[in-house]
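The structure under discussion appears below in the form of C-alpha cells.
2 protein chains.
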Amino acid sequence: MKKEIPYKIYLDESELPKYWLNLRAFMDKKPAPLLNPKTLNPMTAEELSSVFCAELARQEVDDTTKYIEIPTEVRDFYKMYRPAPLIRAYCLEKVLDTPAHIYYKFEGNNTSGSHKLNSAIAQAYYAKEQGLKGVTTETGAGQWGTALSMACSYFGLDCNVYMVKVSYEQKPFRREVMRTYGATVTPSPSMTTEVGRKINEEFPGTGGSLGCAISEAVEAASNKDGYRYALGSVLNQVLLHQSVIGLETKTALDKYGVKADIIIGCAGGGSNLGGLIAPFMAEQVEGKANYRFIAVEPASCPTLTRGKYAYDYCDTGKVCPLAKMYTLGSGFIPSASHAGGLRYHGMTSTLSELYDQGLMEARSVEQTKVFEAAEYFARIEGILPAPESAHAIRVAIDEALKCKETGEHKNIVFGLTGTGYFDMMSYEKFHDGKMSDYIPSDEELQKGFAGLPDLKL
Amino acid sequence: MKKEIPYKIYLDESELPKYWLNLRAFMDKKPAPLLNPKTLNPMTAEELSSVFCAELARQEVDDTTKYIEIPTEVRDFYKMYRPAPLIRAYCLEKVLDTPAHIYYKFEGNNTSGSHKLNSAIAQAYYAKEQGLKGVTTETGAGQWGTALSMACSYFGLDCNVYMVKVSYEQKPFRREVMRTYGATVTPSPSMTTEVGRKINEEFPGTGGSLGCAISEAVEAASNKDGYRYALGSVLNQVLLHQSVIGLETKTALDKYGVKADIIIGCAGGGSNLGGLIAPFMAEQVEGKANYRFIAVEPASCPTLTRGKYAYDYCDTGKVCPLAKMYTLGSGFIPSASHAGGLRYHGMTSTLSELYDQGLMEARSVEQTKVFEAAEYFARIEGILPAPESAHAIRVAIDEALKCKETGEHKNIVFGLTGTGYFDMMSYEKFHDGKMSDYIPSDEELQKGFAGLPDLKL
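Residue numbers (the numbering used here), protein chains in the order written: chain C, 366 to 822; chain F, 366 to 822.
Following this line, the structure appears as C-alpha cells:
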C-alpha cells in the first residue's frame, strides 16, 4: 500500500546524506577541464591551490570519485537547517486543476535564504581545516555573500565580500545581514584592487558586474597571507556540495514510491540545478532511468538557449582559468534583470556538457511572466519566492498546464532555491507595471561572442 | 531508553493539534470580561459581532469550553507550514558552556515571518464562512498585516490594512509583501476615517501609533457592508488560536521525555506568550505541574513590570470595548523602540490575570542588550531573529548562564516568534552604535496612568 504523501516531507536527521555525489564521475564523456590561461594546459590541483583551499582544488579536478564523504563538522552544521523539506504542492495542483503531481524542494528555509549555504559551509570548513585566516568572495544578488558570511562566522573565519556596486546600493539590508555575521562588505568595483581601480578608471560611475567582482575577490585573496578565494557557483566543487539537494530529494521521493518524470531548475551559474539533478542524472547516464531535465534561464541572459559552447574567460579581469561552457562571452552585459543570481554570462561545465550531449533541455522565460508566476505561487502556496527561483516555478506551472490539456499524470519536481524577502524592490516594480522584458538582439549577442578567446586548440 | 534528541524536532502532520486549548476555561479565577464603554456591562457575543465575525465573537467571550475544534480548512492551511520545528540549541549550549538544555519553538518558518499567521488564517476562515467580503486591520511592525494578507488571499477575501505611518515609511518592503498578497495598505493616521482626520488635525505630521491605527481599522470596518475588523493580539480569540504553538511544543517535548523547567516568551500584546504557555499553564493551574513562566518586555514599554492592573481603553480613539489589563495607559507613547511588535500599552487580560495571581514572572530588558543577544544568537544558531523574539533570547541566555554558575541542569524553552529580515534597519543602527536605551521616567508613566478611565465600578 502506498503511504499517503504529506504536504511537507521532512526526512529524519539520520537520513541526511553522508556523501556528496560527484556527477562528473558518472559521465562517459567528461566536461572539459579548466585551462591555465597562460599555458592552455589543464589546471592541476596544485596550480588551483594558490587560489582555492587545497582540498577544494582537489575536488575541483576530481572527475573519477563517485562519492565524497561529507565531513562530520559540515554535517553537524547541515543539521541546523537540513534535511530541507520536499513539499507537495497540493494547493497549486488544485487551483491549476491538473492531473500532474507537483513537488518542490525548498531551500529557502535558512537565514541566508537560499541553497548557497550548502556549499558555503563546506568551503569555510576546508579553509578552517587548512588553518587559513579567512576567505574573499564576490556576491551579486547577495545570497552567496550572506551564506558565506554565516559559514565563516560559524568557523571563526574572516570574510571579505566584494558586492556588485549596484546591488550594494539597492540592497542595503542584504549588506546589513552580512555585517550581522561579521563580514566586511566592499562595493565593487572598488579602489582596493588593481583590477577595480582599472575598471573604475575605464568606466567611471559603473555599477559593476559579477565578472568584475570575481576578479577583485581573486586578486584580494592573492594579496593577503592566509586567505583564499571562494565562489558560490559555476565550479565543480560547488556542484558537488549542492548534490545534497538532489540526494535528499531522491530519498524523499523513493520513500513514498514516487518516480519523477520532469525535473526543473533555474540556472544561472548552474549550482542549484546541478545539485538538484545530480543523483537523477547519474542514473540517467548509466541507462537506469529516463527523466526529462529542464534548465530555465532568463530571456535577458540566455546562456544555454542562445550561447556558444566554447572556452571562455570566467571573469572580466581575465585572472581566472578558462572554462569550456555555454557562454555569451565574458564581455556580455545582461540587462538589469531582477534575478541578479541568473545574470552570469556562462554555465557550469558539467551542465554545459550534458546539454551539449542532449541529456538536458533548456528554456528561456521573460521577466514579467516570471513575476506573474512568482506572485501566483506566493498567494497559493504561501511561500514568497526569490525571482531566480520563480523561473523554475514558471516552467513547472507551464508543464502542469500541458498535463491538464493532455490529461497525462506526470510527477513534476522543481527546485525552489530561495525566498524573495530581499527582492521586494523588484516586486514593487512589477506591481507598478515598471518591469521591462528586454531581450538582447542577435547583434548584441554577436558582440559578446566576438570577445571569446581564440585558443587555436 | 531515552531517544536521542535531534537538532530539530519536526512532528508529523498527523500530530498537528486537532483542537485549540482555551486557557481561560482552566482558570479558577477568570480574566475580567471586556466592558461596553457606554453601559460598563460585560460585552456579549452579540454586541461584539458588530465588530468581529460571529464565531470569533463567540470565542471571545467563551471562558468555559476547554478545547475548541480547529476547522479542517484551517488545519489544511496549517499543514503548509506547520507543525513548526522545536529546535534544540545544541550550538548555543556548547558556546555558553552551560549544563542547561535549551529548546526553542521557531515560528518564523513561513512567509509572514512570524507566529501571527496562526490566528490570521483562523480569522480569515470564519470571515469567509460567514460570507463576508473582507476584513480591516491595523499593523505596526508589519508582521500581523502580512499574515492577514496571506490568509485573506488564500480564502479570496479583501484585506485593508492600516499601517502605522512611521512603519509604512520605514518598511516599504513589508508593505510590498502585503501588496503581493493583494492587500491594500493605508498609512495611519489617514484621511479616510473620522478618527484619522481628527488625529491628523490635532497632531499634524504625526507618525501614528498602534492605538490610533486600531481605531481607524475598526471605524473602516463599521462603515463598509460585509466587512469586519480583525486584530492580531491582545484578544482572547487570538490567544486561543495561538495555543497551537504550545500544544505542538508540549507534544514534541513529551515525545522525547523532556520536562520543561522554565518557559520564556516575549510579550507585547501577549499573543505569542499566551499561546506558548497555554497547555503548560493549564497543567499548572490544575496543580499537575510546576513550571516557571517568564514574560519578557522592553524596558521602554514596561507594561507588566511597571504598569497598573486596571480597566483601560484598548485604542487611542476609544471606540473599542474596555479591557482589564496591566497597562501604561492608552495615552502612553513608548519611545521609538525597534521592536515595534512590543510597543502596545496593554497586556492581554489572561496573562494580566495570571501575572496578578503570581503564576507568571515578568522581566524587562534594554534594547542594546536585546540586540547583542540577537546578533550572538544569529551567529551561533544561524537564525536571524526579529527584535521582538530577541527579548526572549536575551532572558534564555541569562537563565542558561545562571545554570552555569549554579551547575544546575534545567530545561529552558523559549519562543522564537519570528525572523528579522525586515528589521535590518534596526540592526544597522545597532551596528553603527546609534541605538538608544531610553527608559521612561516615573513622571512619564504617571502621565499615562492619569489617562486611565475612572469607572467607579
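Even glycine gets a Cβ: it sits at the ideal position worked out from N, Cα and C. Fair warning: this is a prediction, and the values are worked out from it, not measured in the lab.
Exposed or buried, which one is F/D680 when buried takes at least 16 other CB atoms within 10 Å? buried
Cβ atoms of C/K683 and C/P407: under 8 Å apart, would you say? Their beta carbons are not under 8 Å apart, which means C/P407 does not touch C/K683 by this criterion.
Whole-Å CB distance - F/A465 paired with F/E613, under 8 Å assumed: Between F/E613 and F/A465 the Cβ distance is about 22 Å, and since that is not below 8 Å, they are no contact.
Is it true that the stretch 693-703 of chain C meets the stretch 657-673 of chain C, where meeting means three or more beta-carbon pairs spaced less than 8 Å apart? yes
Specify the secondary structure class of C/P644 as computed by DSSP and reduced to three states. helix
Would you verify that the beta carbon of F/S518 is, or is not, closer than 8 Å to some beta carbon of chain C? yes
Under 8 Å by beta carbon: chain C residues contacting F/V529: The premise fails here: F/V529 is roughly 19 Å from chain C at the closest Cβ pair, so nothing lies under 8 Å.
Could you tell me whether the Cβ of F/R744 comes closer than 8 Å to any Cβ of chain C? yes
So the alpha helix (DSSP H) F/E651 belongs to, where does it begin and stop? Unbroken run through F/E651: none, as it is neither H nor E.
Taking C/C768 as part of the beta strand (DSSP E), name the residues at either end of that continuous run. No beta strand (DSSP E) holds C/C768; the alpha helix (DSSP H) holding it covers 752-771.
Measure the C-alpha to C-alpha separation of F/L716 and F/T409 and round it to an integer number of angstroms. Whole-angstrom Cα-Cα distance: 21 Å.
Is C/Q607 buried or exposed, if buried means 16 or more other CB atoms sit within 10 Å of its CB? buried
Cα-Cα, which of C/P436, C/I698, C/G570 is closest to C/Q811? C/I698
Check each residue of the stretch 534-546 of chain C: if its Cβ is closer than 9 Å to any Cβ of chain F, include it; give the result in chain order. P537, F538, R539, R540, E541, V542, R544, T545, Y546
Start-to-end residues for the beta strand (DSSP E) that takes in C/A675: 673-678
Chain-ordered neighbours of F/K444 on chain C, where CB pairs are closer than 8 Å: Result: P371, Y372, K373.
Integer-rounded CB distance, given that C/A765 should sit under 8 Å from C/E463: Here residue 463 of chain C turns out to be Thr, not Glu, going by the sequence shown. Indeed, because the Cβ distance is near 4 Å, the residues count as touching under 8 Å.
Assigned exposure category for F/N387 - 16 Cβ within 10 Å defines buried: Buried, since its Cβ has 16 or more Cβ neighbours within 10 Å.
Exposed unless 16 or more other CB atoms sit within 10 angstroms - verdict on C/Q649: buried
Is the separation between the beta-carbon of F/L399 and that of F/L687 shorter than 8 Å? yes
Taking the DSSP output, what are the residues bridged to C/Y527? C/E503, C/T551
When the Cα atoms are used, what is the spatial distance from F/L604 to F/S791? For F/L604 and F/S791, the distance between alpha carbons rounds to 28 Å.
How far does the beta strand (DSSP E) with C/G630 in it extend, from its first residue to its last? 627-631
Hey, F/Q424 and F/I435: beta-carbon distance below 8 Å or not? The answer is no: Cβ separation not under 8 Å.
Assign C/R539 to one of three DSSP states: helix, strand, or coil. helix
So, F/E740 versus F/L457, is the Cβ gap smaller than 8 Å? no
Using a Cβ-Cβ distance under 8 Å, would C/Y792 count as near chain F? Chain F, which has a Cβ nearer than 8 Å to the Cβ of C/Y792, makes this yes.
Using a Cβ-Cβ cut-off of 7 Å (strictly less than) and excluding sequence neighbours within five positions of C/N475, which residues of its own chain qualify? Y446, L482
Less than 8 Å between the beta carbons of F/A492 and F/L461, yes or no? Contact: no.
Taking only three categories from DSSP, how would you classify C/L381? coil
What residues in the stretch 777-789 of chain F have a beta carbon less than 8 Å from any beta carbon of chain C? Hits within the stretch, in order: T784, Y786, F787, M789.
Taking the C-alpha atoms as reference points, what is the distance between C/P552 and C/K383? 38 Å
With 8 Å set as the bound, which would you pick, yes or no: does the beta-carbon of F/M712 sit closer than that to a beta-carbon of chain C? no
C-alpha distance - C/P818 paired with F/F471, whole-angstrom precision: 52 Å
F/N483 CB to nearest chain C CB: under 8 Å? no
So, at 8 Å on beta carbons, what are the nonlocal neighbours of F/L497 in its own chain, with the 5 sequence-adjacent residues on each side left out? C418, L522, G591, Y592, R593
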